[in-house]
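Take 475 as the starting number for the sequence shown in this note's numbering and just add one per residue.
All C-beta atoms in this analysis are idealised placements derived from N, C-alpha and C, irrespective of residue type, glycine included.
Everything numeric in this text was worked out from a predicted model, so none of it was measured.
Encoded as structure tokens, the structure appears first; notes follow it.
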Amino acid sequence: MIGDFLASVYPWTKALHVISVITWMAGIFYLPRLFVYHVEVVGQGSETDKLFQVMERKLLRLIMNPAMTATWTFGLALVFTPGIVDWSEVWPWTKAASVLAMTWFHHWLGYRRKDFVNGTNSRTGRTYRMMNEVPTVLMIVIVLSVILKY
């Protein structure tokens with residue numbers, strides 16, 4: 475019964491999943507870039523520091539967290555839709571591993587934001603620039619897995 479319902483709303487679920495992923499990825503690409511500028515340009519305790527903290531908090535809590543939750547919700551609905559995922563193939567496993575890694579990265583960013591709030595950030599702009607490449611690699615793996623079904 476639930477399978478019939480999921481199959482009947484499949485196009486909507488897929489569309490909402492893609493919208494959620496795009497929104498989540500936009501935030502995941504932007505937040506580390508904000509951290510780079512926060513470290514390299516903004517002095518701790520300044521008015522600009524406070525402004526960056528507000529921008530970072532709102533990006534994470536109002537955009538990224540809901541987008542990640544929606545991505546997971548619609549993604550799991552797709553997983554449970556009959557005939558969509560064949561777990562005997564490799565691609566769902568590579569996608570799942572990459573999504574788990576993306577989720578870890580999201581939470582890592584949340585902890586780094588708290589470092590700025592507490593005045594304990596010890597990472598450099600270079601570190602944040604390098605970490606900003608993580609979601610790009612994961613996105614490539616996810617897209618290739620889903621489209622090519624490898």
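Would you identify the three-state DSSP class for Glu607, choosing helix, strand or coil? Translated into the one-based positions of the sequence shown, residue 607 becomes position 133. Coil at Glu607, not helix or strand.
Give a yes or no on whether the C-beta atoms belonging to His491 and Thr545 are separated by under 8 Å. Translated into positions along the sequence shown, residue 491 becomes position 17. Translated into positions along the sequence shown, residue 545 becomes position 71. Yes, the Cβ-Cβ distance between His491 and Thr545 is below 8 Å.
Alpha carbon to alpha carbon, how far is Val608 from Arg600? Give it in angstroms, no decimals. Here residue 600 corresponds to residue number 126 of the sequence shown, with the count starting at 1. Here residue 608 corresponds to residue number 134 of the sequence shown, with the count starting at 1. One alpha carbon belongs to Arg600, the other to Val608, and they sit about 13 Å apart.
Top-ranked residue by Cα proximity to Ile493, from Gly477, Met529, Val510 and Ala541: In the sequence shown, residue 493 corresponds to position 19, counting from 1. For Ile493, the nearest C-alpha among the options comes from Ala541.
With 16 other Cβ atoms within 10 Å as the buried cut-off, status of Arg535: As a position in the sequence shown, residue 535 is number 61, starting the count at 1. Exposed, since its Cβ has fewer than 16 Cβ neighbours within 10 Å.
Hey, which unbroken runs of the alpha helix (DSSP H) at 4 residues or more fall wholly within the stretch 526-561? As far as the stretch 526-561 is concerned, its whole alpha helix (DSSP H) runs of at least 4 residues are 539-554.
For Leu525, which option in His581, Ala570, Met605 and Phe590 has the closest C-alpha, if you only look at C-alpha atoms? The residue given as residue 525 occupies position 51 in the sequence shown. Nearest option by C-alpha distance: Phe590.
Where Val516 and Ile502 are concerned, what is the direct C-alpha to C-alpha distance, given to the nearest angstrom? Mapped onto the sequence shown, residue 516 falls at position 42. Mapped onto the sequence shown, residue 502 falls at position 28. Looking at the two C-alpha atoms, the distance is approximately 21 Å.
Straight-line gap, Arg507 to Val528 (C-alpha atoms, nearest Å): Reading the sequence shown from its first residue, position 33 is the one you call residue 507. Reading the sequence shown from its first residue, position 54 is the one you call residue 528. About 15 Å.
So the candidates are Phe479, Thr543, Val564 and Ile558; which of them puts its Cα closest to the Cα of Leu618? Taking the first residue of the sequence shown as 1, we reach residue 618 at position 144. For the residues Phe479, Thr543, Val564 and Ile558, the minimum Cα distance to Leu618 belongs to Val564.
Taking the straight line between their C-alpha atoms, what separation do you get for Leu552 and Ile558? Counting from one through the sequence shown, the residue named residue 552 turns up at place 78. Counting from one through the sequence shown, the residue named residue 558 turns up at place 84. One C-alpha to the other measures close to 7 Å.
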